[in-house]
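Worksheet: one structure, shown below.
2 protein chains.
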Amino acid sequence: MKIAVVAPSCTLPHEAAERVQAIAAARGDCELVIHPQCFLSDGHFAGPDEQRRAALLEVMADATVDAIWFARGGYGSNRIAEAALGDLPPAARSKLYMGYSDSGFLLAGLHRSGLEVAHGPMPRDVLREGGERAVTRALDWLVRRDPAALEPGLQGPAFAFNLTVLSSLLGTPLEPDFSGAELLIEDVSEHHYRIDRLMFHVTASANVRGVAQIRLGRVVEIPANDPEFGSDEQAIVADWCARAGIRFGGRADIGHDAENRVVPFGMKIS
Amino acid sequence: MKIAVVAPSCTLPHEAAERVQAIAAARGDCELVIHPQCFLSDGHFAGPDEQRRAALLEVMADATVDAIWFARGGYGSNRIAEAALGDLPPAARSKLYMGYSDSGFLLAGLHRSGLEVAHGPMPRDVLREGGERAVTRALDWLVRRDPAALEPGLQGPAFAFNLTVLSSLLGTPLEPDFSGAELLIEDVSEHHYRIDRLMFHVTASANVRGVAQIRLGRVVEIPANDPEFGSDEQAIVADWCARAGIRFGGRADIGHDAENRVVPFGMKIS
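Rendered as structure tokens:
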């Protein structure tokens with residue numbers, strides 16, 4: 146089982162790479178190939194668009210690679226996400242792709258192209274408290290589709306997105322068809338008023354209104370609202386679901402933390 | 146000339162109300178009626194949704210009111226913007242509506258309903274440095290459509306929006322038809338990476354791709370990007386315009402400051 150790591154968004158710290166390599170080596174069930182592009186730096190990004198796109202296309206076209214694991218989030222995968230659409234190399238179709246947060250742009254596009262993708266922890270997560278658990282969970286899914294890695298409430302086709310990323314991809318060529326699926330959302334570092342505005346935008350979408358239900362993962366590192374917003378993230382999400390006639394299904398076990406569970410996109414869960 | 150002030154978003158400070166009343170009184174060409182709803186407070190908002198909506202509908206239905214001036218931005222007008230759509234009181238159709246920033250949600254909806262709206266300074270702006278100039282410019286437009294108040298580069302139908310608000314209203318019932326118009330954008334308190342993401346989203350819209358050109362107003366109070374983003378707001382906007390085949394027309398004289406000029410929506414400029 147060969148897993149290639151590329152960084153379509155921001156630079157991967159060397160410490161994270163080393164610790165994840167050590168975890169993979171100790172397991173003995175997978176070979177982790179961390180592309181040197183992960184360590185490039187060009188302003189906000191892990192190298193210029195051209196180099197990030199080239200690294201992604203290189204591992205997508207490599208028939209010896211079984212899975213592509215996005216190194217971390219941040220921002221920037223949308224700038225090269227057209228690489229996930231259109232004429233894909235044939236070898237791209239026999240792989241699993243995993244990431245979350247900013248990687249959601251790519252996951253959405255790859256899913257649209259008919260590839261197997263999953264929301265799940267990334268190599269950078271190893272630096273979080275309890276991060277080894279996150280990386281182990283991700284590898285358990287990548288290597289052997291371990292059901293224990295899955296978000297526990299999944300009952301049918303599902304998607305999981307950072308709410309800001311979801312709002313930003315609506316109306317773009319990356320937007321998946323959400324019909325009848327469950328939509329799980331989470332976010333980080335957004336004020337309550339921004340979460341409210343994002344939910345206004347997202348729940349106005351006819352596509353989103355076609356979901357079976359929305360569930361809310363964790364919303365963390367919320368900056369202080371001045372004045373106090375007046376309701377919390379769960380009340381905000383439940384309110385906009387009610388306004389839009391979308392079922393709100395309660396909480397989900399995903400988010401920017403070590404407990405973040407795996408959500409395969411659009412997959413039938415038996 | 147009777148101008149009603151309501152606050153569909155956040156609370157208007159009493160000091161701002163008093164200073165704007167003094168400016169209007171000194172002019173002697175308009176009567177400013179500041180609705181008591183402007184001073185309500187309910188969490189983030191100038192009163193609960195119901196009270197903000199009721200105040201707006203009350204002044205819209207008042208045949209003695211010639212113009213409605215939104216007190217300030219912040220966040221929240223989208224929560225009551227459906228009041229700008231659908232069955233409007235007949236008296237609503239003979240008024241001018243002005244505001245900017247978060248008020249853009251309402252301006253968009255009111256424009257869609259065929260009403261006369263303009264991007265322009267608001268009462269809260271009086272508290273800015275040079276704020277009296279901003280309020281005087283707004284009143285010059287509200288009272289006598291003074292061409293000196295206009296953004297100087299306008300050559301045809303135009304729209305002006307806060308970029309974040311524009312991104313948030315795409316795909317909602319508030320979205321105007323931008324075909325052939327000039328689109329002016331500005332923003333405040335957004336990181337460079339967020340401006341980049343907003344431009345990705347906005348320029349993916351087929352509606353936005355139908356504009357004559359995009360011009361960029363001021364983008365102020367940009368929080369530090371860590372690491373440095375790698376390009377500035379003008380380069381970001383020009384880059385996404387180029388990617389989307391939209392003409393970038395350079396800078397515009399609008400923004401969150403006292404120099405913010407008036408942009409009537411969709412109007413033919415002679």
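Those protein sequence lines, which keep their order, are chains H and B.
According to my numbering, the first sequence is numbered sequentially starting from 146.
According to my numbering, the second sequence is numbered sequentially starting from 146.
Note that beta-carbon positions come from the ideal geometry of N, C-alpha and C, so glycine has one too.
Cutoff 6 Å; reference residue i; Cβ partners in own chain excluding five residues on either side
i, result
"V271 (chain B)", "A161, R164, V165 and V280"
"T96 (chain B)", "Nothing in the structure corresponds to residue 96 (chain B), since chain B is present only between 146 and 415."
"D194 (chain H)", "R224 and I225"
"L308 (chain B)", "I330, D332 and L343"
"E261 (chain H)", "L241"
"I179 (chain B)", "V150 and A162"
"E327 (chain B)", "A303, A357 and Q358"
"N352 (chain B)", "F323"
"C386 (chain B)", "I359 and F393"
Bridge partners - residue i, DSSP secondary structure assignment
i, result
"E176 (chain B)", "B:K147"
"F215 (chain B)", "B:V151"
"Y242 (chain B)", "B:I213 and B:V262"
"V365 (chain H)", "H:V333"
"R360 (chain B)", "B:L329"
"N143 (chain B)", "With chain B running from 146 to 415 in the structure shown, residue 143 (chain B) is simply not present."
"L295 (chain B)", "B:V407"
"F190 (chain B)", "B:D187"
"F393 (chain H)", "H:I359"
Buried versus exposed, by CB contacts within 10 Å (16 or more), residue i
i, result
"G395 (chain B)", "exposed"
"S154 (chain H)", "buried"
"Q300 (chain B)", "exposed"
"T209 (chain H)", "exposed"
"E274 (chain H)", "exposed"
"E373 (chain B)", "exposed"
"G325 (chain H)", "exposed"
"Q182 (chain H)", "buried"
"H159 (chain H)", "exposed"
"S222 (chain H)", "buried"
"R238 (chain H)", "exposed"
"E227 (chain B)", "exposed"
"A293 (chain B)", "exposed"
"P266 (chain B)", "buried"
"P268 (chain H)", "buried"
"A152 (chain H)", "buried"
"A200 (chain H)", "buried"
"A397 (chain H)", "buried"
Neighbour list for residue i in chain B, Cβ cutoff strictly below 9 Å
i, result
"E373 (chain H)", "G188 and H189"
"N370 (chain H)", "G188 and H189"
"N223 (chain H)", "D341, R342, F345 and H346"
Partners in chain H for residue i, counting only beta-carbon separations shorter than 9 Å
i, result
"G218 (chain B)", "The premise fails here: G218 (chain B) is roughly 11 Å from chain H at the closest Cβ pair, so nothing lies under 9 Å."
"L315 (chain B)", "L315, G316 and H346"
"Y338 (chain B)", "H189, G219, Y220 and G221"
Proximal residues to residue i (C-beta, below 7 Å), its chain only, five neighbours per side dropped
i, result
"S258 (chain H)", "A229, L230 and L233"
"H256 (chain H)", "V262, P321, F410 and G411"
"D174 (chain B)", "M146 and V288"
"F184 (chain B)", "T156, L157 and H159"
"R172 (chain H)", "L284"
Within chain B, the residues that residue i reaches when beta carbons sit closer than 8 Å
i, result
"S334 (chain H)", "Result: empty, since nearest Cβ-Cβ is about 10 Å, beyond 8 Å."
"A349 (chain H)", "G316, T317 and P318"
Cut-off 8 Å between Cβ atoms - residues of its own chain near residue i, not counting five sequence neighbours on either side
i, result
"N370 (chain H)", "H336, H337 and Y338"
"I399 (chain H)", "Y245, H264, E296, A305, L329, E331, G362, R363, N405, R406 and V408"
"A349 (chain H)", "A389"
"I168 (chain B)", "V271, E277, V280, T281 and L284"
"V382 (chain H)", "I330, I340, M344, I359, L361 and F393"
"A236 (chain B)", "M205, A206, D207, A208 and V210"
Chain B residues whose Cβ lies nearer than 7 Å to that of residue i
i, result
"Y245 (chain H)", "Ordered by position in chain B, no residue passes the 7 Å Cβ test against Y245 (chain H), which lies about 16 Å from the chain."
Residue i Cβ short of 7 Å to the ligand COA heavy atom set
i, result
"L241 (chain H)", "With respect to the ligand COA, the structure shown offers nothing to examine, as it has no ligands at all."
Quiz item: Are at least three pairs of beta-carbons, each pair with one atom in the region 334-344 of chain H and one in the region 299-317 of chain H, less than 8 Å apart?
Solution: yes
Quiz item: Taking contact to mean at least 3 C-beta pairs separated by less than 8 Å, is the region 398-407 of chain B in contact with the region 354-364 of chain B?
Solution: Yes: at least three Cβ pairs fall under 8 Å.
Practice problem: Count the CB pairs spanning the region 234-253 of chain B and the region 215-225 of chain B that are closer than 8 Å, and state whether there are at least three. | Solution: Look at the beta carbons and you see the region 234-253 of chain B touching the region 215-225 of chain B: at least three pairs across the two are nearer than 8 Å.
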